[in-house]
Every structure is written in C-alpha cells, then in structure tokens.
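This report refers to the structure that appears directly beneath it.
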DNA sequence: ACAAATTTAGACACTCTTGTCCATTTCGTC
DNA sequence: GACGAAATGGACAAGAGTGTCTAAATTTGT
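Laid out in structure tokens, this is it:
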C-alpha cells in the first residue's frame, strides 16, 4: 500500500462506481423484498455486478443492509434540512408560500426515492433492528421536528400565526399536508405532483384556518401588538 | 358426513380452537418477521401445534397468509364501523365528544392488535400482493372514509361545524388525531393511553379551530331547528 | 505496456425451509 | 369402550440461499 501517500483517501474510480451501483440496487431490492426476502444474487444482477464483488465490498448481507440504512438516513436528513432552509420566514403570501413549502418537503424528502425507501425500511425492519433505527430516530425526527417547530415559532412571533405550542403545530402541519397521501404511502405507492399539490393545498388551508391571524397582514399593519388569543 | 344434519355448520370444537390459535400465531409471526422471514415451524411452535396441522388446515404458506389478511381486514372493518356508529351526532360538548370519538377510534381500531397487524402487513407486503390489498382498499378506506365523512357532513349541516368538503375534513380529522403518533407507528410501536389522548386532544382542538363555528352552541339556542339529517 | 488491484464466473459446502408421507397417538362422540 | 376424525412427530426429498474459494479475465495507474 505505498500509493497511500498521495491519493490517500481516493480508492480507484470504477471501484466507487460499483459501490454506488451496489448500494442503489440493494436499497431497491431490500425495499421491494424485505431483508429476509432479498437475496444477494438478485442484488448482484440488478447492480450489474458479480456476487463476489458485493461480498468484497460489504462483507455480508447484514452489513450491507446496515450500510444502506445509514446512507439513506444521512441523505434524507440532508434533504430535509436543505428544504427547511427554504421555509418562508418572511412570507409575501402566507398561504401560497406555505403550500409551496409543503410541496417542496413532500417532493424532495418524502416522496422521492430515498424518502420512500427509508420509510419502507423503517416500517418493515424497524422492530428487528431497534438500535439501528434508534439512531435514525435521533438523527431524523429528533432533529428535524424541532427545526421545523422553530421556524413556525418565529413565524408566530413575527405575527403571522397564532400558535400556542410550536411543536404541536409543526407536527400537525405535516400531518395535514400529507393527510390525503396516507393510503398511497401505505401501499408503497408514489403520489403524483397533482396529488401532492392537492393535499398540501387543502392541508395548508385548514392549518391557516386554525392558526392564521383573523385579519390578513394587508389591512392591519401592526397585528403583532394585541395578538395572543 | 351424516352428522351434517343437526350441527350443520359447527365443525368439531377443538378443531376450531386449533384454527384460531394458528391464525393468531401466524399473524404475530408474519408481522414480526415479514412473509419471507416467517417460517412454518416458528408459527407451529408459537401456536402450540404441530407443523402438519398447519398444512392440514391451510394448504400452504401463501394460502395461510391470504387467509390472515382477509381475516384481519374483516375484523378491522367491523371494528371501525362499530366505532363510527358511536360518532357524536348530537354532541353535548363538541370538543369533548370528538376527542372521545377520536380516542375510541384509535384504541379500538388503529392501535389494537388487529389494527397494528393489518397496517404492518399492508405496508410490508402491499406491493407484492396488489390484488389482495386492492380488496382491502375497497373494503377498508373505500368504505370507512365516506362513512366518516357523512357523519361530519351531518354535523356541519346541523350547524355544529363549518365544513366545505366533508371528505377532506374527515381525512384531516384523522390525520390530526394521529399527528403525534406517527413516529411510534412507523417503528411498529403501540402508543399508550396517554399518548393517544394527548394526540387526540391536540388534534381535535386544532380541528375545531379550523372548522368550529365561531360562537359555541351555548349562546344560540336553536341551531338544531333547521337541521334535518 | 506493465504490475497491482479488482472483478468475474463457477463450483462448492453448508444450512435452512418447504411441503409430503406415514405410523402412532390423542380427542370427541356416541 | 369403540369408532372415526384429527393431531402428532419425525423422517424425508427437493430447492434455495449464504458465504467461501479459486483461477482466469479485466481494469487501473504509471
């Protein structure tokens, strides 16, 4: 291993390509077939790689599985935080902006490939790998919920919303935005753009009926003053 | 089969007991291990029955699985409809009554053994048995959602709520009532009574902020007069 | 073009699971 | 107590999947 000197971190190039295609194929197959139902030959075929290569890269089936869950968790979290950073802190049109945010969250984090796969794996194997998914729970909901809640708290503080408990409101916001996608999610389907938009629109409207200020920002300039009830 | 005359429908007694204990054990194991991960010996052991008995009763693994899904679907549906029939059509205290209803729905239909198992099986195997779960979709959400929506429509018509689209409102009601149980559901856990009550309380409060009449029933005496449903 | 590393295909041993068969025992009923 | 139906346990063949090993082919960096 004398070449460790200059390239240091970078293993061969094609090597990395194989690694990625193994991970891709494996998440696909594990999701479709469940851990027990998946087999290595299937993954190898789908990855366009020989079985031995998978063993070279990951050791065994279980290690491969763990690697995939970690990978998905990481990627999904990154996506969620990226999307949270687009939260409308200074909304021009509160309803439209929140709907757009809800749609982004759904499309980029929940309905996309990674989101769908991670959800499925958690549901399917969550009970069998408590420690692994405890990790997910901490990194995922444990960090993303509070981040969203903080954004809503800020929005309320700025006078755009009338919220008692931002944590509750944040969870309800997401629940409402996804209310009409539940059955599709259950069966492992992917809702199309229209469905996502519909659900988000209905959800945000209800959310604003519950938490919106009575008079929109346009008429009263200083709504922040007396607002609390 | 000469004894078919008087008992007619009733097969032997102990026979039926075995059947039940096989179904119980099998749902347990299929849920815990997924279809592919479950094995017949495990089920036999858990049922306190020999493997051969399972084959005598159900033919093969897949038939057993199908029988279980149908059984769970049926039982869950019955529970949901029974609970829907307790919907508060003439609420004394709208908030309290809706909270109690939401709690009943959760405890009796969603968080109980059957509900948990059916949900898990749908999530886990839904993609692999499209026809089987299409059946569930028709019998389940296809019939229960409209039934709940009809109840909300009636409540709105009677002047207790201000609802545009009862179908949307019904889905949002359930989404809100379960908003705080999502993570627990994901990981296959069973929320305790307090969690269910908390989530229902928060959810119903938000629901009523969105859809409740501005002035509570107390002040205006005759909202019931114009009601017809 | 060379040398090292990686990939490949195939064979292999091993284990686990399904579903069947059968002789024996137990159970429920009369 | 006797009869028939059902349950039992254990053996069994067949198949599938995991993980290892090997020699040959291919790719990669220099």
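Protein chains in written order, with our numbering: chain Y, 18 to 246; chain L, 18 to 246. Where is the CB? At the ideal position from N, CA and C, for every residue including glycine. Keep in mind the model is a prediction, meaning the values are calculated, not measured.
>> Do residue 187 of chain Y and residue 227 of chain L have their beta-carbon atoms positioned less than 8 angstroms apart in this structure?
In response: Against the second chain, residue 227 of chain L aligns to sequence position 210. Against the first chain, residue 187 of chain Y aligns to sequence position 170. With respect to the 8 angstroms criterion, residue 227 of chain L and residue 187 of chain Y are not classified as neighbours on the basis of their beta carbons.
> By how many angstroms is the C-alpha of residue 217 of chain Y removed from the C-alpha of residue 112 of chain Y?
Replying inline: One-based indexing of the first chain puts residue 112 of chain Y at position 95. One-based indexing of the first chain puts residue 217 of chain Y at position 200. When rounded, the distance between both Cα atoms is 10 angstroms.
>> Suppose you measure from the CA of residue 292 of chain Y to the CA of residue 80 of chain Y; what does that come to, to the nearest Å?
In response: This structure gives no information on residue 292 of chain Y, because the portion of chain Y shown stretches from 18 to 246.
> Just checking my contact of residue 49 of chain Y with residue 58 of chain Y at CB under 8 angstroms: how many whole Å lie between their CB atoms?
Replying inline: As a first step, residue 49 of chain Y must be located in the first chain, where it is residue number 32. As a first step, residue 58 of chain Y must be located in the first chain, where it is residue number 41. Between residue 49 of chain Y and residue 58 of chain Y, the beta carbon gap of about 15 angstroms keeps them out of contact (Cβ cut-off 8 angstroms).
>> Contact between the stretch 169-176 of chain L and the stretch 198-217 of chain L is defined here as three or more beta-carbon pairs at a separation below 8 angstroms; is this criterion met?
In response: Short answer: they don't touch.
>> To be precise: take each residue of the stretch 45-66 of chain L, compare its Cβ to all Cβ atoms of chain Y, and keep it if any distance is under 9 angstroms. Which residues remain?
In response: Within the stretch 45-66 of chain L, the residues whose Cβ lies closer than 9 angstroms to some Cβ of chain Y are 48, 49, 50, 51, 52, 53, 54, 55, listed in chain order.
> Do you know how far the Cα of residue 66 of chain L is from the Cα of residue 60 of chain L?
Replying inline: For the purposes of this step, residue 60 of chain L is taken as residue 43 along the second chain, with counting starting at 1. For the purposes of this step, residue 66 of chain L is taken as residue 49 along the second chain, with counting starting at 1. Residue 60 of chain L and residue 66 of chain L have their alpha carbons spaced roughly 8 angstroms apart.
>> Contact criterion: CB-CB distance below 8 angstroms. Does residue 139 of chain L meet it with respect to chain Y?
In response: Here the question's residue 139 of chain L lines up with position 122 in the second chain. At least one C-beta of chain Y is nearer than 8 angstroms to the C-beta of residue 139 of chain L.
> Does the pairing of the stretch 70-90 of chain Y with the stretch 38-48 of chain Y give three or more beta-carbon distances under 8 angstroms?
Replying inline: Enough Cβ pairs lie closer than 8 angstroms, so yes.
> Where does residue 157 of chain Y sit, in a helix, a strand or coil, going by DSSP?
Replying inline: Taking the first chain and counting its residues from 1, the one referred to as residue 157 of chain Y is at position 140. Residue 157 of chain Y carries a coil assignment under DSSP once its states are collapsed to helix, strand and coil.
> Would residue 92 of chain L pass as a contact of residue 131 of chain L if the rule is Cβ separation under 8 angstroms?
Replying inline: Along the second chain, read from residue 1 onward, the residue named residue 92 of chain L stands at position 75. Along the second chain, read from residue 1 onward, the residue named residue 131 of chain L stands at position 114. Yes, the pair counts as a contact, with Cβ atoms nearer than the cut-off.
> When burial is assigned at 16 or more other CB atoms within 10 Å of the CB, is residue 32 of chain L buried or exposed?
Replying inline: On the second chain, residue 32 of chain L is found 15 positions in, with the first residue counted as 1. Residue burial is scored here from C-beta neighbours: residue 32 of chain L has fewer than 16 other C-beta atoms within 10 angstroms and is therefore classed as exposed.
> Are there 16 or more other CB atoms within 10 angstroms of the CB of residue 133 of chain Y, so buried, or fewer, so exposed?
Replying inline: Residue mapping note: residue 133 of chain Y aligns to position 116 of the first chain, counting from 1. Buried.
> Any idea which residues DSSP pairs residue 229 of chain L with across the strands?
Replying inline: Here the question's residue 229 of chain L lines up with position 212 in the second chain. In the DSSP assignment, residue 229 of chain L is bridged to L/178.
> How far does the alpha helix (DSSP H) with residue 132 of chain Y in it reach, from first residue to last?
Replying inline: Counting from 1 along the first chain, the entry for residue 132 of chain Y is found at position 115. Start and end: 130-142.
>> Please list, in chain order, the chain L residues whose beta carbon lies closer than 7 angstroms to that of residue 156 of chain Y.
In response: Translated into the one-based positions of the first chain, residue 156 of chain Y becomes position 139. Chain-ordered listing is empty here: chain L has no CB closer than 7 angstroms to the CB of residue 156 of chain Y, the nearest sitting near 13 angstroms.
>> Against chain Y, with Cβ distances strictly below 8 angstroms, would residue 197 of chain L count as a contact?
In response: Looking up residue 197 of chain L in the second chain gives position 180. Any Cβ of chain Y closer than 8 angstroms to the Cβ of residue 197 of chain L would place that residue at the interface, and such an atom is present.
> At a CB-CB cut-off below 7 angstroms, which residues of chain L make contact with residue 81 of chain Y?
Replying inline: Position 64 of the first chain, counted from the start, is the residue given in the question as residue 81 of chain Y. By Cβ distance, chain L contributes nothing, its closest Cβ being about 16 angstroms from residue 81 of chain Y, past 7 angstroms.
> What does residue 189 of chain Y touch in chain L if you count any residue whose Cβ is under 9 angstroms from its own?
Replying inline: Working through the first chain from its first residue, we reach residue 189 of chain Y at position 172. Around residue 189 of chain Y, the beta-carbon contacts reaching into chain L at under 9 angstroms are 192, 193, 196, 197, 219, 220, 223.
> Who are the neighbours of residue 185 of chain L on chain Y, taking C-beta pairs under 7 angstroms?
Replying inline: Taking the first residue of the second chain as position 1, residue 185 of chain L is located at position 168. Those are 219, listed as they occur along chain Y.
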